[in-house]
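J.: Residue numbers (the working numbering), protein chains in the order written: chain Z, 155 to 493; chain F, 155 to 493. This structure is in structure tokens; I'll ask about it shortly.
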DNA sequence: AACACAAGCTAAATCGTTTTAGCAATTGTT
DNA sequence: AACAATTGCTAAAACGATTTAGCTTGTGTT
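Right, dumping it as structure tokens:
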């Protein structure tokens, strides 16, 4: 099982043929190259008995193909991205590709470096969660025509394939649900960023509020992405005490989790004092004393479409696919009026 | 940035020297091979201006080294392992290695297949979380002398490097803490498995109980590893209603999380009705209405030692290191008598 | 009998590096 | 002046696979 040394030459020597013939047979091209049945059979058997396994490095060098793809996320230890990674990895494996995973920590320099590093390692394509400020880098990737699929986040004016949530719909769903429960003074906690998916989520909320004639009750607070807790604390305090908000939507899982820590420490009761909606369910939401309503992303679909799109693009240079997949609202006690 | 076509030959042609010379210079061996300073400088400059990046595939083929290592965990979407993966990945990157990650789902056949697949992809070593029943496979790995480091789990009679928690100490800490709080009828929820790390955790608890003269109050329940919830429910019901347990230790994060779901559904109050200790902290524990005391593993250290040990072993064939790293008890409300 | 053609194989180039052996020109030694 | 040693470079092999061109046989056709 563990030899790793037997090459095509060794087989050739033993069977008494040329390495070329062995290669042909082992690649199923015996007929095409009119190899005698007898000889072909002996080659196959010898290969098996010697536990031959092709040297993929050599294969790659010759073919120029590495069967490698890169997955660049912000942090693989973030459960959202590790769930994505798991699915991408499984699907890639089925398609005979290997995934190289890296984390950027939302940092542009890191992202640039990782794109270079992965490119250097010979990946044939990239699935990428672009960080704030990476537009030029992504534009460059687009112009270089390197197979790239954006995941979770996208740029509306860069014509690259992408696999994302329908972010507008997500907050629309959340806001409508809160309105339906009779909440009016609904606040939103967002990141302080130009990233389009966040802007879309904000729009979904703002438009829905406006359409309900509650434009005056719109409160959007933006907090620092790398160290959100202090900002969240301050925002919540103001929203609750000064603005008398009766509900709050957190735009990401990280924001919601930090928000719950704050609300607990502030001794604010959910949903009695304020209703809460989060993003991306997890055990913490479900086990909370008042289980948290959340927007559920179709993670499996997002991941699968990303890798499938990438592979199609690698194989067919003009393939493109821009997906905005539908969210679902998982309603729990944290957003119900008379729970 | 995105060219990928310029080779050592191209540089050689432009500078007007041989490819060999270019290789020597670019590998910092100019002095060693007595290359003229003038020429060397021109080579370096030309390489830079052409954005030369070495073809790693070719390099690997030539050197027989792939700079690849495998990381086989049970599930990369499990936060414990994704945290490990993040650290391994970062450290490996520093050491100029690339990590290939796979998930076994606690399944032996998968594990065997993945070991083969990764081996085939040319990894120079493996970090591996062995699943139940994998002893023969691991023994085979040991005998083949393939660089392997076991992570999180180990086999006492296989002389392989490993980086694990001090499991006995972990439950000893937990049990002593509960005893110190005056709890006597302490139960344990474990997996139904032969895996040594679980057996060690059970021993830590049993011995501590025995030493306290409470051998008679020892309750160990073993549940199915793949679908634990029904077993946990039944065990908890019995422990609480029939055995009048006043505390319960869950041996893993998955067990604790499932246990909390059960206790919530059963309307059992923590710690009033029963005290709880879990394994591996997370937001769900901290945000719980009564924050959960847990055994904290030194994840960073475990991961870092695993990859460092592997790389040392790859470079030095007789290197070996068996680590059992110290746990820490994070005490929260769920295990305090008079909270 | 002469030639075409198919069958069954091999030699050699190639992918991009690294490294060994060795060549030519210059300098140093006596 | 003859020879040795040093300097600065190149040619070629090697890693393990794939593929193209081409070489022998043998068979069939006329």
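Glycine included, C-beta positions come from ideal geometry on N, C-alpha and C. Predicted, not measured: the structure shown is a model, and the values here were computed from it.
#1: Grouping DSSP H, G and I as helix and E and B as strand, with all else coil, what is residue 308/Z?
#2: Could you check the C-alpha separation between residue 360/Z and residue 218/Z for me, to the nearest Å?
#3: Use the C-beta contact count for residue 398/Z: other C-beta atoms within 10 angstroms, 16 or more gives buried, fewer gives exposed.
#4: From the DSSP output, in three-state form, read off residue 206/F for me.
#5: Counting only Cβ pairs nearer than 9 Å, list the residues of chain Z close to residue 231/F.
#6: In three-state DSSP terms, what is residue 490/F?
#7: Taking C-beta pairs closer than 7 Å, name the residues in chain Z that residue 437/F reaches, listed in chain order.
#8: So for residue 447/Z, helix, strand or coil by DSSP?
#9: I'd like to know whether the C-beta atoms of residue 211/F and residue 253/Z end up nearer to each other than 9 Å.
#10: Can you pull the DSSP bridge partners for residue 318/Z?
#11: Cutting at 7 Å between CB atoms, please list the residues of its own chain near residue 485/F, excluding the five before and the five after it.
#12: Since residue 443/Z meets chain F, which of its residues come closer than 7 Å, beta carbon to beta carbon?
#13: Output the boundary residues of the beta strand (DSSP E) element that contains residue 401/Z.
#14: Cβ of residue 422/Z within 9 Å of Cβ of residue 489/Z?
#15: Helix, strand or coil for residue 220/Z, going by three-state DSSP, please let me know.
#16: Using CA atoms only, rank isn't needed, just tell me which of 208/Z, 318/Z, 341/Z and 317/Z is closest to residue 328/Z.
#17: Compare the beta carbon distance of residue 277/Z and residue 222/Z with 9 Å and say whether it is the shorter of the two.
#18: For the beta strand (DSSP E) that contains residue 174/F, what are its first and last residues?
#19: Can you pull the chain Z residues whose beta carbon is under 9 Å from the beta carbon of residue 457/F, in chain order?
#20: Select from the region 201-219 of chain Z all residues with a C-beta closer than 7 Å to any C-beta belonging to chain F, and list them in chain order.
#21: By a C-beta neighbour count over all protein chains shown, 10 Å radius and 16 as the cutoff for buried, is residue 384/Z buried or exposed?
#22: Please list the terminal residues of the continuous alpha helix (DSSP H) segment that includes residue 495/F.
#23: Residue 423/F versus chain Z: which residues are under 7 Å apart at the beta carbon?
#24: Could you give the residue range of the alpha helix (DSSP H) that holds residue 298/F?
#25: Assign residue 341/Z to one of three DSSP states: helix, strand, or coil.
#26: Can a CB atom of chain F be found closer than 9 Å to the CB of residue 252/Z?
#27: Flag residue 395/Z as yes if its beta-carbon sits less than 9 Å from any beta-carbon of chain F, otherwise no.
#28: Can you pull the chain F neighbours of residue 275/Z, defined as C-beta to C-beta under 8 Å?
#29: Run down chain F in chain order and give the residues with a C-beta less than 8 Å from the C-beta of residue 255/Z.
#30: Starting from residue 415/F, find everything on chain Z with Cβ-Cβ shorter than 9 Å and list it in chain order.
#31: Identify whether residue 156/Z lies in helix, strand or coil by the three-state DSSP scheme.
#32: Got a sec? Which residues, its chain only, sit under 8 Å from residue 125/Z by beta carbon, not counting five neighbours each side?
#33: Using the three-state DSSP reduction, which class does residue 417/F fall into: helix, strand or coil?
#34: Looking at the strands, I want to know which residues DSSP matches up with residue 280/F.
#35: Counting only beta-carbon separations shorter than 9 Å, does residue 418/F have a partner in chain Z?
T.: If we stick to the structure as given:
#1: Taking the first residue of the first chain as 1, we reach residue 308/Z at position 154. Reduced to three states, the DSSP call for residue 308/Z is coil.
#2: Along the first chain, one-based indexing puts residue 360/Z at 206. Along the first chain, one-based indexing puts residue 218/Z at 64. Approximately 50 Å, taken between the alpha carbons.
#3: As a first step, residue 398/Z is located in the first chain; it is residue number 244 there, counting from the start. It counts as exposed.
#4: Counted from its first residue, the second chain places residue 206/F at position 52. Three-state DSSP puts residue 206/F in coil, outside helix and strand.
#5: Within the second chain, numbered from 1, the residue matching residue 231/F stands at position 77. Residues of chain Z passing the Cβ test: 233, 236, 237, 238, 239, 240 and 241.
#6: Along the second chain, one-based indexing puts residue 490/F at 336. Three-state result, residue 490/F: coil.
#7: Reading the second chain from its first residue, position 283 is the one you call residue 437/F. Chain Z residues near residue 437/F: 411 and 438.
#8: Position 293 of the first chain, counted from the first residue, corresponds to residue 447/Z. Residue 447/Z: strand per DSSP, three-state reduction.
#9: Start at 1 with the first residue of the second chain, and residue 211/F comes out as number 57. Start at 1 with the first residue of the first chain, and residue 253/Z comes out as number 99. No.
#10: In the first chain, counting from the first residue as 1, residue 318/Z sits at position 164. According to DSSP, residue 318/Z bridges with 478/Z.
#11: The sequence position of residue 485/F within the second chain is 331, counting from 1. The answer, listed in chain order, is 331 and 447.
#12: Along the first chain, one-based indexing puts residue 443/Z at 289. Chain F residues near residue 443/Z: 443.
#13: In the first chain, residue 401/Z corresponds to position 247, counting from 1. Segment 401-404, the beta strand (DSSP E) holding residue 401/Z.
#14: Looking up residue 422/Z in the first chain gives position 268. Looking up residue 489/Z in the first chain gives position 335. Their beta carbons are not under 9 Å apart, which means residue 422/Z does not touch residue 489/Z by this criterion.
#15: Translated into positions along the first chain, residue 220/Z becomes position 66. The answer is coil: DSSP assigns residue 220/Z none of H, G, I, E or B.
#16: The residue given as residue 328/Z occupies position 174 in the first chain. Comparing Cα positions, the closest option is 341/Z.
#17: Here the question's residue 277/Z lines up with position 123 in the first chain. Here the question's residue 222/Z lines up with position 68 in the first chain. Going by C-beta atoms, residue 277/Z is nearer than 9 Å to residue 222/Z.
#18: For the purposes of this step, residue 174/F is taken as the residue at position 20 of the second chain. Unbroken run through residue 174/F is the alpha helix (DSSP H), 173-180; no beta strand (DSSP E).
#19: Residue 457/F sits at position 303 when you count from the first residue of the second chain. By Cβ distance, chain Z contributes nothing, its closest Cβ being about 10 Å from residue 457/F, past 9 Å.
#20: 207, 210, 211, 212, 214 and 215
#21: Numbered from its first residue, the first chain carries residue 384/Z at position 230. It is exposed - the Cβ of residue 384/Z has fewer than 16 other Cβ atoms within 10 Å.
#22: Within the shown structure, residues of chain F are numbered from 155 to 493, placing residue 495/F beyond reach of any answer.
#23: As a working note, residue 423/F is residue 269 in the second chain. By Cβ distance, chain Z contributes nothing, its closest Cβ being about 11 Å from residue 423/F, past 7 Å.
#24: Taking the first residue of the second chain as 1, we reach residue 298/F at position 144. 289-298 is the span of the alpha helix (DSSP H), which, as asked, contains residue 298/F.
#25: On the first chain, position 187 is the one that residue 341/Z refers to. Strand, per DSSP.
#26: Here the question's residue 252/Z lines up with position 98 in the first chain. Chain F contact via Cβ: present.
#27: Taking the first chain and counting its residues from 1, one reaches residue 395/Z at position 241. Chain F contact via Cβ: absent.
#28: Counting from one through the first chain, the residue named residue 275/Z turns up at place 121. 210 and 252, listed in chain order.
#29: Mapped onto the first chain, residue 255/Z falls at position 101. Going along chain F in sequence order, the residues near residue 255/Z (Cβ under 8 Å) are 239, 243, 253 and 255.
#30: Working through the second chain from its first residue, we reach residue 415/F at position 261. Those within 9 Å of residue 415/F in chain Z are 437, 440 and 441.
#31: For this step, residue 156/Z is matched to residue 2 along the first chain. At residue 156/Z, the pLDDT of 45 sits below 50, so the modelled position is not reliable and the matter cannot be decided from this model.
#32: Residue 125/Z lies beyond the range of chain Z shown here (155 to 493); nothing can be said about it.
#33: If you number the second chain from 1, residue 417/F lands on position 263. Of the three classes helix, strand and coil, the one that applies to residue 417/F here is helix, per DSSP.
#34: As a first step, residue 280/F must be located in the second chain, where it is residue number 126. Answer by DSSP bridge pairing, in chain order: 224/F and 302/F.
#35: By 1-based counting over the second chain, the position of residue 418/F is 264. Judged by the 9 Å Cβ criterion, residue 418/F is in contact with chain Z.
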